[in-house]
Structures are given as structure tokens and as C-alpha cells.
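K.L.:
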Amino acid sequence: MMAAQIEPPAGISTIGQMEPIRIGATGACMTLAAVEAWAKSAAPGDSLKYAEGSLPKWSKVLPFVRDLAVRDIVFAWCDGGRRYWIKRLAKPYSSAPQPVRLARDIPPRDADMARLLSILTGYARKGVPCPSNRDLARRAELSNGDRASYLIKCLVGAGYIRCEVVPAHKGWHRIITIVGVLDGEGRDIRTADAEAGR
3 MMAAQIEPPA
13 GISTIGQMEP
23 IRIGATGACM
33 TLAAVEAWAK
43 SAAPGDSLKY
53 AEGSLPKWSK
63 VLPFVRDLAV
73 RDIVFAWCDG
83 GRRYWIKRLA
93 KPYSSAPQPV
103 RLARDIPPRD
113 ADMARLLSIL
123 TGYARKGVPC
133 PSNRDLARRA
143 ELSNGDRASY
153 LIKCLVGAGY
163 IRCEVVPAHK
173 GWHRIITIVG
183 VLDGEGRDIR
193 TADAEAGR
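Reminder that position 167 of the sequence shown reads as 169 in the numbering used here, one-by-one numbering, no gaps.
1) From E143 to H175, what does the alpha carbon distance come to, in whole angstroms?
2) Give the single residue among P46, R73, V63 and R85 whose Cα lies nearest to the Cα of G55.
3) Within the same chain, show all residues whose beta-carbon is closer than 7 Å to that of I178, passing over the 5 residues directly before and after it, in chain order.
4) Give every residue of the same chain whose Cβ lies closer than 8 Å to the Cβ of L70, excluding the five residues on either side of it in the sequence, and list them in chain order.
5) At a Cβ threshold of 7 Å, is D81 touching chain C?
6) Quick one: what does DSSP say A139 is sitting in, helix, strand or coil?
7) Report back the beta-carbon spacing between R90 and P46 to the nearest angstrom; my notes put them in contact at under 8 Å.
8) How many Å lie between S120 and V168 at the Cα?
9) Could you tell me which residues DSSP puts in a beta bridge with V76?
10) Nearest by alpha-carbon distance to A53: which of M32, A44, W60 and E38 is it?
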């Protein structure tokens, strides 16, 4: 944590190579890479003056040093002359933990999408061919076949289904795979191929 009016401790104290900050401040600061390299290689008890003067809020070095201080890798302080110091503590250096994004199952937000997904899942469970957009729209109480087509694209984009178009006896046929809903053999369920029943 930051503490005020503390003098550098006895031992090895280093003044780092600083670059002036010309936009929005009147200070100088070491580069982020240089401060990180020092934190990795410094012995416990070593000190470093990494910045001085007025520094802008957008400086990446200050949040980096604060993170090191929170994780007890360094002790950070500012002396009376607006000189920023860090002292290496005994805890080994480790990179900052990356935030973890948890995947969660979110149902479709749109009621029309939810109804259509439920209907497609029913067709896949029965193993029957996927009907036309017009028939899906009628069954899901949608305005028209274009709305059903659009919602199928939305479901594909959201990762709920996969859509495969295959040649059929008369034109093309669509096979819908419901992602994450498994059959008895551990595979995603899917609508039947219209040509397989002939």
C-alpha cells in the first residue's frame, strides 16, 4: 500500500532510467517493462525510484505497481518530493492473475427464440426432418417464415444450434443440430435428413 513521507531504506537503492511524460503531466516514469523486469530480478530489500513528479491517470506503471503492492511483492511509497519508490519484498514474483470468464448457460432472451428452440428440440428428439420456415413460423406463432429464418440465424450465432444445408430430392434440405442436448450415445441430437427416409 502507499504510505507518505518514508525515506528509502538502507541497502541497495536504484534510480531507474525514466522517460519524461509529455502529455498531461510534468513528471517522469520508467517504462512498464523496465519496472516489471526489476521486480522479477531484484533481491528482497532492494529499492527502486520508478517515477517522480506529477503523473497522469492513464499511466500504466502506477496501476501495475499498485497491483504488485496489493499482492505483497513490493512495498510502494511516495516520499515528500513526489518521488515514487518501491521496495522488493521476499514474496516471489508472479504475473497478475487473469480474470476468468465463466461460461454459463443463458437461455435465449427473446421469447420467440425460446419457443422456436423448443420446437426445433422437439423435432430433433423425435428424429424427424426439419420443416420449412413457413411451417416453423406457424408452429411457433411467428409473423412469417422470414422471422423464423432470422431467429434460426440468431440461434446459430448464439451457439444454441448448428444448421447444415444438404442437397435433397427437390432442392435443399436443412438439418438442425441442437448443441448440448445429447442422445443416448452421447451425441448432440439433430433433425433427420429428409432423404434418409426415402
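Ideal Cβ positions, reconstructed from N, Cα and C, are used throughout, including at glycine.
P.N.:
Put simply:
1) As a first step, residue 143 is located in the sequence shown; it is residue number 141 there, counting from the start. As a first step, residue 175 is located in the sequence shown; it is residue number 173 there, counting from the start. When rounded, the distance between both Cα atoms is 22 Å.
2) Position 53 of the sequence shown holds residue 55. Minimum Cα distance to G55 is reached at R85.
3) On the sequence shown, position 176 is the one that residue 178 refers to. L122, A126, C132, I163, C165, R192 and T193, listed in sequence order.
4) Locating residue 70 in the sequence shown gives position 68, counting from the first residue. Take L70, set aside five residues on each side of it, and the residues of its chain with a beta-carbon closer than 8 Å to its own are A41, V76, A78 and I88, in chain order.
5) The structure shown contains no chain C; it holds only a single protein chain.
6) The sequence position of residue 139 within the sequence shown is 137, counting from 1. In this structure, A139 counts as helix in the three-state DSSP scheme.
7) As a first step, residue 90 is located in the sequence shown; it is residue number 88 there, counting from the start. As a first step, residue 46 is located in the sequence shown; it is residue number 44 there, counting from the start. By a beta-carbon distance limit of 8 Å, R90 contacts P46. Their separation comes to about 6 Å.
8) Along the sequence shown, read from residue 1 onward, the residue named residue 120 stands at position 118. Along the sequence shown, read from residue 1 onward, the residue named residue 168 stands at position 166. Separation of S120 and V168 (C-alpha to C-alpha, rounded to the nearest whole angstrom) is 23 Å.
9) The count along the sequence shown starts at 1 and reaches residue 76 at position 74. V76 is bridged to R90.
10) What you label residue 53 is simply residue 51 of the sequence shown in a count that begins at 1. Looking at the Cα atoms, M32 is the closest of the given residues.
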